[in-house]
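So the structure is just underneath, and the comments pick up after that.
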Amino acid sequence: MTYGFIGSGTITEAMVAGLMASPPAVPKIVVSPRNAEVAARLAARYSKVEVAPSNQAVVDAAGVLVLAIRPQIAKEVLEEISIPQGRKVISVIAATSHEKLAVWTGQDPDAIVRAIPLPFVADREGVTALYPPDAEAEKLFGALGSAVVCESKDEFNLLAAISSMMATYFGIMERTTEWLAGKGMSKSKARNYLTPLFGSLTHVASRSAESSFGELRQAFSTRGGLNEQLFKDFDELGGTAAMTRALDRVLERIRA
Ligand SMILES: NC(=O)c1ccc[n+]([C@@H]2O[C@H](COP(=O)([O-])OP(=O)(O)OC[C@H]3O[C@@H](n4cnc5c(N)ncnc54)[C@H](OP(=O)(O)O)[C@@H]3O)[C@@H](O)[C@H]2O)c1
1 MTYGFIGSGT
11 ITEAMVAGLM
21 ASPPAVPKIV
31 VSPRNAEVAA
41 RLAARYSKVE
51 VAPSNQAVVD
61 AAGVLVLAIR
71 PQIAKEVLEE
81 ISIPQGRKVI
91 SVIAATSHEK
101 LAVWTGQDPD
111 AIVRAIPLPF
121 VADREGVTAL
131 YPPDAEAEKL
141 FGALGSAVVC
151 ESKDEFNLLA
161 AISSMMATYF
171 GIMERTTEWL
181 AGKGMSKSKA
191 RNYLTPLFGS
201 LTHVASRSAE
211 SSFGELRQAF
221 STRGGLNEQL
231 FKDFDELGGT
241 AAMTRALDRV
251 LERIRA
């Protein structure tokens, strides 16, 4: 089976790196000629990756087609190519519905799989939400970490919304580092402390599947102590409200 990618950008490079890590998870990959630099780099790095002369040549070569272009140009790019009926089409294009993709590709909307790969797929550590359930897509994203199969479009949209927490995670680290720096600490020392602190908390959550996050928060809060005080302040001073409002706004944009 040959896998074809339309759009050779950041997420394609990450997926191809993950798929071609040793041992390769797929026999052959064909990528579109744009972006020329990324496509050439992938072909130079992996013997099983080829650059096709055009987007149509990618379609013609691939049994599974991955659409990885920006939403702004999706209509133009997809209307220019002809995808035979029955070809497996997996779209990672953000905030672009099955219905729009079906019109632009001439495919049945129920046959198109949408997925949200994250950059960690490059190291086969990505958790990828997908909808609808599909054996081929589950195999692909399973090889790149793990696949979370959504039962409905609503569920898929919720995970799409929550995946936009990545920048805020680093934003919290950025702001707390700035706070420490403002009190006179070097940013490198702040980073050397914060990174393992957050990493250890993630490990605890992974190891404690039986505990809810609320239970973990309580387990890490001495009664009357500093952790309890900080979360109470965060909650009462508007932190939770701001995050909830921000997630609602992202979800509105995704559903539009
Ligand atoms: N990056 C992520 O972590 C991530 C995760 C999940 C989903 N996504 C989604 O995946 C899609 C791609 O994101 P990205 O971050 O990889 O963006 P990107 O780095 O900008 O990649 C998009 C690629 O499409 C190429 N392109 C432009 N016009 C084209 C055409 N006519 N035919 C074929 N390719 C063309 C661009 O080439 P030029 O540079 O030559 O213009 C660029 O290399 C987006 O819809 C994004 O929302 C991204």
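Numbering-wise (this note's numbering), the sequence shown opens with residue 1 and increments by one.
Just so it is clear, CB atoms sit at the ideal spot from N, CA and C, and this is done for glycine as well.
Owing to the predicted nature of the structure, the values given are computational and were not obtained by experimental measurement.
- request: Please determine if the region 31-39 and the region 94-106 are in contact, where contact requires at least 3 C-beta pairs separated by less than 8 Å.
  value: Look at the beta carbons and you see the region 31-39 not touching the region 94-106: under three pairs across the two are nearer than 8 Å.
Nearest-angstrom Cα separation, counted from P196 out to Q229: Working through the sequence shown from its first residue, we reach residue 229 at position 229. Working through the sequence shown from its first residue, we reach residue 196 at position 196. About 22 Å.
message: Among the candidates A102, I90 and I162, whose CA atom is the shortest distance from the CA of E252?
response: Within the sequence shown, residue 252 is the residue found at index 252, counting from 1. From the listed residues A102, I90 and I162, the smallest Cα separation to E252 is found for I162.
query: Roughly how many whole angstroms lie between the Cα atoms of P23 and N55?
result: Against the sequence shown, residue 23 aligns to sequence position 23. Against the sequence shown, residue 55 aligns to sequence position 55. Here the alpha carbon of P23 sits roughly 28 Å from the alpha carbon of N55.
- prompt: Per DSSP, which one or two residues make a beta bridge with L226?
  reply: Looking up residue 226 in the sequence shown gives position 226. The secondary-structure analysis by DSSP pairs L226 with nothing; it has no beta-bridge partner.
task: With hydrogens ignored, establish whether the beta-carbon of V92 is closer than 8 Å to any heavy atom of ligand 1.
output: The residue labelled residue 92 in the question sits at position 92 within the sequence shown. In this structure, ligand 1 has a non-hydrogen atom nearer than 8 Å to the beta-carbon of V92.
- prompt: Could you give the C-beta distance for V113 and T128, rounded to a whole number, given that I count them as a contact under 8 Å?
  reply: Within the sequence shown, numbered from 1, the residue matching residue 113 stands at position 113. Within the sequence shown, numbered from 1, the residue matching residue 128 stands at position 128. Contact doesn't hold; Cβ gap of about 11 Å is too wide.
message: Below 8 Å on the Cβ atoms is my contact criterion, and I expect L140 with V64 to pass it. Report the Cβ-Cβ distance as a whole number of Å.
response: Within the sequence shown, residue 140 is the residue found at index 140, counting from 1. Within the sequence shown, residue 64 is the residue found at index 64, counting from 1. Confirmed, Cβ separation roughly 7 Å.
message: With a threshold of 8 Å (Cβ to nearest heavy atom), would R124 be considered close to ligand 1?
response: Position 124 of the sequence shown, counted from the first residue, corresponds to residue 124. R124: no, Cβ never under 8 Å from ligand 1.
field: For S47, the nearest candidate out of A17, V204, R124 and G106 (CA to CA)
entry: The residue given as residue 47 occupies position 47 in the sequence shown. It is A17.
- request: Go ahead and pull the three-state DSSP assignment for A94.
  value: For this step, residue 94 is matched to residue 94 along the sequence shown. Three-state result, A94: coil.
field: Contact under 9 Å by Cβ, A43 with T2
entry: Position 43 of the sequence shown, counted from the first residue, corresponds to residue 43. Position 2 of the sequence shown, counted from the first residue, corresponds to residue 2. Result no, Cβ atoms of A43 and T2 do not sit closer than 9 Å.
task: Taking only runs that begin and end inside the region 86-173, name each unbroken alpha helix (DSSP H) of 4 or more residues, in chain order.
output: The DSSP assignment places complete alpha helix (DSSP H) segments of no fewer than 4 residues inside the region 86-173 at 98-105, 135-143 and 153-162, in order along the chain.
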